[in-house]
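Working notes, structure below.
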C-alpha cells in the first residue's frame with residue numbers, strides 16, 4: 303500500500319522540496335556575505351566553528367521536530383527536554399556512573415519523555431501542543447527546583463569520550479559530523495523506507511493512512527519518542543561540550559527548532575517536509591544569531607527575528623502548497 | 249423564514265446543552281475549591297487569615313481576567329499563547345507613558361488599545377494567512393517579549409507619574425476584598441452578558457462548535473474569531489496596565505519587562521479547569537472564574553507549605569495535563 307501512495311504525491315512534493323532547499327541555501331550564502339561585510343568579527347575561523355557547533359545542536363533537535371511535524375503533531379517541550387537531559391547526565395556522573403553510561407541514560411530519559419508526550423496526546427486525544435506546553439513548563443520547573451536555579455559544574459574527569467562527542471577533527475567540530483550522520487540517516491528513513499512513507503501518510507491524511515493499514519498510533523508514538531530522544535542526545539552532547547549546566551539555557555529553543563523546520567519547507571499541517579531543508583536552516587538561524595551578536599545588536603532581537611521569519615515562511619509554504627497540490 | 253426557524257432551534261438546543269455543562273463544571277470546580285481550602289487550612293492555620301486570603305483574591309482576580317479572555321478564544325476554537333507578553337508590554341507601557349507625563353487613565357487606555365491592536369493582528373494573521381493559532385501566537389509571544397526586553401532592558405522601571413482616582417481604585421482593599429476583585433467581578437458580568445445574552449456570544453459558541461454549520465447558518469465566523477482575540481488581548485493588557493495600580497500593596501509601583509512570564513500556561517490551565525473544551529464551542533464564565541480562584545488558592549497554599557516558585561510552576565504544568573485528562577475521561581463517560 304505504501305507503493306501506491308508514493309508516486310501520487312512525490313512529483314509535486316519534490317518540486318516544493320527543491321524550491322525551499324534552494325531558497326534556504328541562497329539565504330545562507332546571502333547572510334554569510336552580508337555579515338562578513340558589515341561586521342568585522344564575523345568572518346573568522348573561530349566564529350565559523352561556533353556556528354557549526356551551535357548549529358549542529360539546534361539541527362539535531364530540529365530533525366526530530368521535523369519528523370514529528372510531518373507526522374501531524376507538534377512538540378513544544380524539546381528545549382526543556384534538552385536542558386533536563388543535561389541534568390540527567392550530570393547527576394548520573396556525580397553518582398559515579400561512567401560518563402558513557404550517563405550519556406545513554408540521558409538519551410533514555412529523552413525516550414521516556416517522548417513516550418509521556420505521545421501517551422497523553424495520542425491515547426487521550428489531547429491536542430499535542432497543550433500536552434507538550436505542559437511538559438515544557440514541567441521539565442524546566444522541576445530542573446530549576448532541583449538545582450535552585452543555579453548553574454552546576456561537571457567536576458569529574460574528562461575521559462576520551464569527551465573528545466569523541468565534543469572534540470574536533472582538524473577544523474570541523476565532532477558535533478557537526480554527528481549531525482551530518484543523523485541528518486543523512488533520517489533523510490534516508492523518511493524518503494527511502496516504508497516507515498518514512500508511513501510518517502508522510504499519517505501526517506498527510508490520517509483517515510486514508512489508517513484505511514490503507516498504517517498503524518498511525520504507533521507511527522506517531524515513534525515520532526514523539528524520536529523527537530525527544532534527539533533533543534536529549536543534543537542536550538547530553540551539550541553538557542559534554544560545555545561541562546556545566548544552567549537551568550535557563552536553551553530558553554525559546556523550541557521556537558527555533560520549529561522555525562528551522564518550517565523555513566526549511568515543512569508544512570505545519572503535516573504530510574510534507576524536508577530533512578535537508580531543516581538541516582541547512584538550522585545553520586542559517588545560528589549564522590544569523592552569531593551575525594547579530596557580532597554586529598552589536600541586543601540578542602533579544604534574535605527571538606523577534608525568528609518569530610517574524612517563522613510567520614513569513616508559514617505564509618509562503620501555505621501559498622506554495624495551495625499552488626502545487628490542490629486540496 | 250425557515251432558516252430563521254432552524255436558527256432558533258439550533259440556538260435552543262445549544263442553550264440546553266450549555267446549561268447542562270455549566271451546572272456540571274461549576275459543581276466540580278466548587279468541590280475542588282472546597283477541597284483545596286480544607287486541605288491547606290489544616291496544613292497551615294494562617295491560610296484563611298487576614299494576610300493570605302486577600303492575596304489569594306488579588307492573584308485570583310488578575311489570573312481570572314486573563315483566563316476569561318483566554319476562555320473566549322478557546323471557545324471560538326483557537327488558542328492564544330501571546331497574552332503573557334501582551335500583559336508585560338501593557339504594564340511597561342502604562343508605567344513608561346505615565347512617567348513621560350501622560351495622566352494614568354490615558355496611559356492605561358493606550359495600553360489597552362495596544363492590546364486590542366495585537367489581538368486584531370493575531371486574528372488577522374491566523375485567518376487571512378491560515379497560520380495555525382498555536383504557531384502564530386507563539387511567534388507573537390517571542391516577537392513581543394524580545395522587543396520589550398530589547399527596548400526597556402531587564403531592570404525595574406519605577407512609577408513616577410501622578411496619582412489619580414483610577415489608580416487608587418485599582419489598588420488597596422475594601423475589608424477583605426482587594427479592589428481589583430470588584431473590577432474582576434464587573435468584567436466577568438460584562439463577559440457573561442457578551443457570551444450568553446448578546447448575538448456575538450452566540451456566534452462565538454457556534455463558530456467554535458462547528459464552523460461549517462455556523463457559516464452555513466450565516467454566522468460571520470471570521471469576525472467572531474477576531475472579536476474573541478481582540479477581547480482576549482485587551483483583557484490581558486488591562487490586567488498588565490492595572491499591575492502598577494494593584495501593586496501599591498507593597499508600596500512601590502514598578503513595571504518590568506520580564507513580567508507575566510509563563511502566565512499564559514496558568515490562564516490556559518485555569519480555563520480548561522473551568523470546563524472550557526479545548527476543541528472549542530463549550531465553556532462557562534462562572535466556572536472559569538471560580539477555577540481562577542481555585543488556582544490562586546492552590547498556589548498560595550503551596551507557598552505557605554514552603555514550596556519555592558519553581559515547584560509551583562511544575563505543579564501548574566501537572567494540573568494543566570490532569571485537567572485535560574479529566575475533561576477527556578469525563579466526556580468519554582457522558583457519550
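Protein chains in written order, with our numbering: chain A, 303 to 629; chain B, 249 to 583. Ideal Cβ positions, reconstructed from N, Cα and C, are used throughout, including at glycine. Since this is a predicted model, take the numbers as computed values, not measurements.
| Item | Value |
| --- | --- |
| Tell me the residue span of the beta strand (DSSP E) that contains residue 405 of chain B. | 404–406 |
| Whole angstroms is fine: what's the gap from residue 570 of chain B's alpha carbon to residue 523 of chain B's? | 12 Å |
| Note down, in chain order, all residues in the segment 554–577 of chain B with a beta-carbon under 7 Å from any beta-carbon belonging to chain A. | 556, 558, 559, 561, 562, 564, 565, 566, 568, 569, 572, 573, 576 |
| Give the interface partners of residue 266 of chain A over in chain B, defined as CB-CB distance under 7 Å, in chain order. | Limits of chain A in this structure are 303 at one end and 629 at the other, which puts residue 266 of chain A out of reach. |
| Checking the sheet assignment: what are the DSSP bridge partners for residue 421 of chain B? | B:426 |
| Count the other CB atoms, across all protein chains shown, that sit within 10 Å of the CB of residue 322 of chain B; report buried if there are 16 or more and exposed otherwise. | buried |
| Under the three-state reduction of DSSP, which class applies to residue 428 of chain A: helix, strand or coil? | coil |
| Could you work out which residue in A:582, A:602, A:574 is closest to residue 591 of chain A when comparing CA atoms only? | A:602 |
| What does residue 390 of chain B touch in chain A if you count any residue whose Cβ is under 8 Å from its own? | 554, 557, 605, 606, 608, 609 |
| Are the CB atoms of residue 344 of chain A and residue 596 of chain A nearer to each other than 8 Å? | yes |
| Evaluate residue 483 of chain A with the Cβ neighbour count: other Cβ atoms within 10 Å of its Cβ, from every protein chain shown; 16 or more gives buried, anything less gives exposed. | exposed |
| By the criterion of Cβ-Cβ separation under 7 Å, what are the contact partners of residue 373 of chain B in chain A? | 613 |
| Applying the 10 Å Cβ sphere with the 16-neighbour rule, what's the burial state of residue 370 of chain B? | buried |
| Less than 8 Å between CB atoms is the rule here; does residue 379 of chain B satisfy it with respect to chain A? | yes |
| Using the three-state DSSP reduction, which class does residue 516 of chain A fall into: helix, strand or coil? | coil |
| Helix, strand or coil for residue 574 of chain A? Go by DSSP, reduced to three states. | coil |
| Based on the DSSP output, what are the partners of residue 474 of chain A in its beta bridges? | A:471 |
| Taking residue 503 of chain A as the reference, give the member of A:490, A:518, A:491, A:434 with the closest Cα. | A:518 |
| Please look up how many angstroms separate the CB atoms of residue 505 of chain A and residue 559 of chain B, rounded, as I've assumed it's under 8 Å. | Not quite, the Cβ-Cβ distance comes to about 37 Å (not below 8 Å), so this is no contact. |
| Measuring only the C-alpha atoms, how far is residue 587 of chain A from residue 357 of chain B? | 38 Å |
| Would you call the segment 431–443 of chain A and the segment 508–523 of chain A touching, i.e. three or more CB-CB distances under 8 Å? | no |
| Under a three-way DSSP split, which group does residue 308 of chain A fall into? | Any reading at residue 308 of chain A needs caution, since the residue's pLDDT is 44, under 50, leaving its predicted position unreliable; the model's value is listed next. It is helical. |
| Indicate, with yes or no, if the ligand ZN has a heavy atom lying under 7 Å from the CB of residue 417 of chain B. | Questions concerning the ligand ZN fall outside what the structure shown contains, since it holds no ligand whatsoever. |
| Check the DSSP bridge columns for residue 365 of chain A and list the partner residues they point to. | According to DSSP, which records beta bridges pairwise, residue 365 of chain A is partnered with nothing at all. |
| Does residue 497 of chain B come out as helix, strand or coil in the three-state DSSP assignment? | Only weak support exists for where residue 497 of chain B lies, its pLDDT of 49 falling under 50; the coordinates are left without a value. |
| I'd like the list of long-range same chain contacts for residue 455 of chain A, defined as Cβ closer than 6 Å, with 5 residues on each side in sequence excluded. | 546 |
| Give every residue of the same chain whose Cβ lies closer than 6 Å to the Cβ of residue 334 of chain B, excluding the five residues on either side of it in the sequence, and list them in chain order. | 363, 366, 481, 484, 485 |
| Between residue 451 of chain B and residue 424 of chain B, what straight-line distance do the alpha-carbon atoms span, to the nearest angstrom? | 38 Å |
| Flag this pair as yes or no: are the beta carbons of residue 556 of chain A and residue 360 of chain A separated by less than 8 Å? | no |
| Among the residues of its own chain, which have a CB less than 8 Å from the CB of residue 298 of chain B, if the five just before and after it don't count? | 424 |
| What residues from the segment 397–414 of chain A come within 7 Å of chain B, judged by C-beta to C-beta, listed N to C? | none |
| Note down, in chain order, every chain B residue with its Cβ under 8 Å from the Cβ of residue 620 of chain A. | 377, 378, 379 |
| Report yes if the CB atom of residue 395 of chain A is closer than 8 Å to the CB atom of residue 404 of chain A, and no otherwise. | yes |
| Output yes if chain B places a C-beta closer than 8 Å to the C-beta of residue 579 of chain A; else output no. | no |
| Going by DSSP in three states, residue 455 of chain A sits in which element: helix, strand or coil? | strand |
| Quick one: is residue 616 of chain A near chain D, going by C-beta distance under 8 Å? | This model lacks chain D altogether; the protein chains it does include are A and B. |
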